[in-house]
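Engineer: In our numbering, the protein residues as written are 230 to 895. Following this message is one structure expressed as structure tokens.
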Amino acid sequence: MSLAKATPLPSLWQSILSLRQLDLAWEKVRSNGGCSGGDNVTVAAYQPGAARRLTDLSRRLRDGAHRPGPYRAVDVPKRSGGHRRLLIPCIEDRIIHTAIAQVLNPVLEPQFEESSFAYRPGRSVKQAVQAIERWRNAGFWHVIEADIVGFFDAIRHDLMLQKLEAALDGHRGVPEVVDFVASALEHQSLFSGIQGRGVAQGSPMSPLLSNLYLDALDEALDGKGVRLVRFADDFVVLCKRRCDVDRALTEATEALSAHGLDLHKGKTRVVDFDRGFEFLGHLFVRNFVLQRVSDPDEDPVQLMRLIAGEDKVAEDAAAQKEIEAEAGYDRGDRVLYLTQPGLALVLRNLSFAVMGEGGREMAAIAHSRVDRIEAGPAIAVGPEILDHCLATDTDFAFIDGYGSLRGMLVKPELGHADLQLAQAEAALDPANRVEIARLLVDARIRNQRTQLFRLNRRQDVHEVTEALTRMGRHLRKLSHMKDVDQLRGLEGAVAAEYWPALGHLTEGAAQPFRRLRPATDPLNATINYLTAVLLRDMRAAVLTAGLHPGFGTLHVSRDRADAAVYDLMEPFRAPLTEGLAAYLFNARRLRSDMFSILSEGGVRIEREARTAIIKGYEQAVAKRVNVTGRKYKLAWRPMMRRQAQDLARALRARNMSEFQPYLMEA
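What follows is the structure, encoded as structure tokens:
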């Protein structure tokens, strides 16, 4: 007697792109009567030939050829003051998002807690109000009235995708679904201006995703001597005893913080039914419930209908912001670059004097205004210069024609034996080594993604958006890496996506772009030159912090190699070498005719290009940026020193959680 095999569950992805599901989704979008998206195509305009359009849409989804359209940004006044921004997808994208929500809802709905009432079938404001009345009658008299700060804009994409992947575990077609959602979120970021965070409130799949994101809050609070009633990002916690309130508030704060969310201090308060409180348009006082005028801005569908009634094209909100004025900014270290052949550096009245042709003095700079001198291969340097550098703590770097370091004159640093012993211990201890390396790889990947996002904000290259999605998929694997070799492998897998994407966004770059050392093209030559300059800046920061430049974690410690310097460079490569190189070419400050391709291989950076590269780098590092985890700004060189000092502090304390590598902001 043979047992019949169980019928496998249908693929979620195949269900989504099926013509039947897309047709059901189209009917829902049509019946909602919403406004157009960023392409100005209305429901009425999409309807003629809809069957043919949906067939073509299904095919494009199946072949991976679908390209999302532009979002429409609309600022809607809120009754409580301020504005609420809706990002509205195009009609066709709303159809796909609706199909996703329809297919995933039966899978996710059973996993949600009873305390959640928004955006769920068979649940409503009325049921949430009845739940509050029920718990009040059961003696839950003390109430925490809470609100989450900017919830929809603060949702972290990486955590959202991890939760979605876990919630769909066991079903077929999960990778395709998660990848599509990730790609949709990346595309949305181009229009919100917030990379890695937020869900569009005009998207039909956002309500389902937001409930999934907050399900952990529901699980953390409800049933532990307290009762939770949540409607989207608004919630109340009901307690029987006043002493339970502080514990519940602490648990709510911690649960939200773990998800990158914060309680709104001005809208979070502890009350009771005697004093009364308002929630979901209802006033709860003692045993009474009084309904007030509901707030229409709580319903995105209704808002989109209102917008459709008085539809007009929204102004483009993706215009690039003006570059911050440099006035008053700390420029950090001062570097004197000598790259033009034929120059000479001599001492004049204890100042560094640059001499040009015929012995003409071009400039005289006091040593107090110079922190490092970089001299190319054809620069005449007198012995008195090197003596003066040692006497004034001025670093002197000897540079070859490609911008790489040949050697360096640095006054020896003394008195850091305890720190360097701790650094060596961390490099030799597998657990500490992998912890530090994971932090560095995480920062490297996140900053690569942010740099691509910045460059792609105006260009909107679909291949780049897809690469960002795949890089995000790799990033989600980071916590599972057990050793440094695995971390390096992951970094290499991300690099395979990153470099071609950077090439797509850089004018004149070879396609597909590959990272090459030595360089055979202008973009690689520029990145190599900028990397060499960054290396010297970071080495100075490492020495200033008292760290040993050779003891690394991600990079292998070996003779004549500055592993720690290369480690701490990781978070800064994307903004100060790769992104800067792309900017210089896109702004036409660098052109291919400024480089010479040598017959024996390699690239010569001509004088005009070297000048543009150095000027571009100095202008970049002079700007101030927000310090990760702190509420102030620093120019880039002080930022490098800050990161090296943070690592030194963490090593001395034997607590790696005190080390936080620099993360770019979108």
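Glycine residues also receive a C-beta, built at the ideal position from the N, C-alpha and C atoms.
Pick from HIS645, LEU290, ILE665 and LYS640: whose alpha carbon is nearest that of VAL329?
Structural biologist: Note on identity: in this sequence residue 329 is Ile, with Val being the wrong assignment. Of the candidates HIS645, LEU290, ILE665 and LYS640, the one whose C-alpha sits nearest the C-alpha of ILE329 is LEU290.
Engineer: Within 8 Å, do at least three Cβ pairs link the segment 315-327 to the segment 275-295?
Structural biologist: Counting Cβ pairs under 8 Å, three or more are found: they touch.
Engineer: Determine the extent of the beta strand (DSSP E) in which ILE320 is found, giving its start and end residues.
Structural biologist: Unbroken run through ILE320 is the alpha helix (DSSP H), 320-337; no beta strand (DSSP E).
Engineer: Going straight from the alpha carbon of ILE377 to that of PHE625, what length do you get?
Structural biologist: Using only the alpha carbons, I get a separation of about 53 Å.
Engineer: May I ask you to report which of helix, strand or coil DSSP gives ASP304?
Structural biologist: The answer is strand: DSSP assigns ASP304 an E or B state.
Engineer: Would the segment 842-856 and the segment 605-618 be scored as touching if the rule is three or more Cβ pairs under 8 Å?
Structural biologist: Touching, no.
Engineer: Tell me where the alpha helix (DSSP H) around SER244 begins and ends.
Structural biologist: Start and end: 241-246.
Engineer: Spatial neighbours of GLU664 within its chain, please: C-beta separation below 7 Å, excluding the five flanking residues on both sides.
Structural biologist: MET885.
Engineer: Which value, in whole angstroms, describes the spacing of the CA atoms of HIS312 and ILE834?
Structural biologist: Near 51 Å, if we compare the C-alpha coordinates of ILE834 and HIS312.
Engineer: What's the gap between the Cα of ASP473 and the Cα of LEU457?
Structural biologist: Approximately 13 Å between the Cα atoms of the pair.
Engineer: Is ALA383 near LEU490, with beta carbons less than 8 Å apart?
Structural biologist: In this structure, LEU490 lies closer than 8 Å to ALA383 by Cβ.
Engineer: Could you tell me the boundaries of the beta strand (DSSP E) in which TYR933 lies?
Structural biologist: In the structure displayed, the chain extends from 230 to 895; residue 933 sits before or after that span and is not available.
Engineer: Opposite HIS511 in the DSSP bridges: which residues?
Structural biologist: Note: HIS511 sits in a beta bridge opposite PHE508 and GLN520.
Engineer: Give the DSSP-derived three-state secondary structure of LEU388 in the structure shown.
Structural biologist: Here LEU388 sits in helix by DSSP.
Engineer: For the segment 671-685 against the segment 651-663, are there 3 or more C-beta pairs whose distance is under 8 Å?
Structural biologist: Contact fails: fewer than three Cβ-Cβ distances are below 8 Å.
Engineer: Who are the near neighbours of HIS645 in its chain, counting only those whose CB is closer than 7 Å to its CB and skipping five residues on each side?
Structural biologist: Closer than 7 Å at Cβ, skipping near neighbours: GLY775.
Engineer: How close, in whole Å, do the beta carbons of LEU316 and GLN424 come, if the pair is a contact with beta carbons under 8 Å?
Structural biologist: Contact flag wrong, Cβ pair sits at about 14 Å.
Engineer: Look at the alpha carbon of GLY588 and the alpha carbon of PRO570, and state the distance between them as a whole number of angstroms.
Structural biologist: Going from the Cα of GLY588 to the Cα of PRO570 covers about 14 Å.
Engineer: Mark VAL542 as exposed unless 16 or more other C-beta atoms lie within 10 angstroms of its C-beta, in which case mark it buried.
Structural biologist: Because VAL542 carries a pLDDT of 33, less than 50, the predicted location of this residue cannot be relied on, and the following value inherits that uncertainty. Looking at its Cβ environment, which holds fewer than 16 other Cβ atoms inside 10 Å, VAL542 is exposed.
Engineer: I'd like the list of long-range same chain contacts for GLU342, defined as Cβ closer than 7 Å, with 5 residues on each side in sequence excluded.
Structural biologist: Result list for GLU342: ASP444, ASP447, GLU448 and ASP451, in chain order.
Engineer: Helix, strand or coil: how does DSSP classify CYS472 here?
Structural biologist: Reduced to three states, the DSSP call for CYS472 is helix.
Engineer: For ARG301 versus SER265, is the C-beta distance shorter than 8 Å?
Structural biologist: Yes, the Cβ-Cβ distance between ARG301 and SER265 is below 8 Å.
Engineer: May I ask you to report which of helix, strand or coil DSSP gives GLU539?
Structural biologist: Per-residue confidence for GLU539 stands at a pLDDT of 41, beneath the threshold of 50, marking its modelled position as unreliable; no derived number is given.
Engineer: In terms of residues, what are the limits of the alpha helix (DSSP H) holding ASN685?
Structural biologist: Its alpha helix (DSSP H) spans residues 659-688.
Engineer: Apply the 10 Å Cβ neighbour rule to HIS709 and answer buried if 16 or more other Cβ atoms are within range, or exposed otherwise.
Structural biologist: HIS709 is exposed by the Cβ-count criterion.
Engineer: For SER412, which three-state DSSP category applies?
Structural biologist: Note: SER412 maps to helix in three-state DSSP.
Engineer: For the ligand GDP, is there a heavy atom less than 7 Å away from the beta-carbon of LEU880?
Structural biologist: Annotation note on the ligand GDP: not contained in the displayed structure, which lists no ligands.
Engineer: Alpha helix (DSSP H) containing ALA360: first to last residue?
Structural biologist: Looking at the DSSP string, the run of the alpha helix (DSSP H) that includes ALA360 is 354-366.
Engineer: Determine the contact status of ASP750 and MET869, defining contact as a CB-CB distance below 8 Å.
Structural biologist: No.
Engineer: Would you kindly report the start and end of the unbroken alpha helix (DSSP H) that includes ASP444?
Structural biologist: Segment 435-450, the alpha helix (DSSP H) holding ASP444.
Engineer: Could you have a look at GLU544 and say whether DSSP puts it in helix, strand or coil?
Structural biologist: With a pLDDT of 30 at GLU544, under the threshold of 50, the predicted position of this residue should be treated as unreliable, though the coordinate-derived value follows. If DSSP states are grouped into helix, strand and coil, GLU544 belongs with coil.
Engineer: Looking only at its chain, what residues have a beta carbon closer than 6 Å to the beta carbon of ARG282, apart from the 5 residues adjacent to it on each side?
Structural biologist: For ARG282, where only same-chain residues beyond five positions count, there are no Cβ hits under 6 Å.
Engineer: Quick one: which unbroken alpha helix (DSSP H) runs of 4-plus residues sit fully inside the segment 688-754? Chain order, please.
Structural biologist: Taking only runs of at least 4 residues, the alpha helix (DSSP H) segments lying wholly in the segment 688-754 are 691-704 and 713-733.
Engineer: Do you know offhand how far ASP252's Cα is from ALA413's?
Structural biologist: Each residue's Cα considered, the two are about 20 Å apart.
Engineer: In whole angstroms, what separates the C-alpha of ARG563 from that of THR623?
Structural biologist: So the alpha carbons of these two residues sit roughly 10 Å apart.
Engineer: Would you mind reading off the limits of the beta strand (DSSP E) that contains ILE459?
Structural biologist: This sequence places Arg at residue 459; Ile is not what is there. Counting along the chain, the beta strand (DSSP E) containing ARG459 begins and ends at 455-460.
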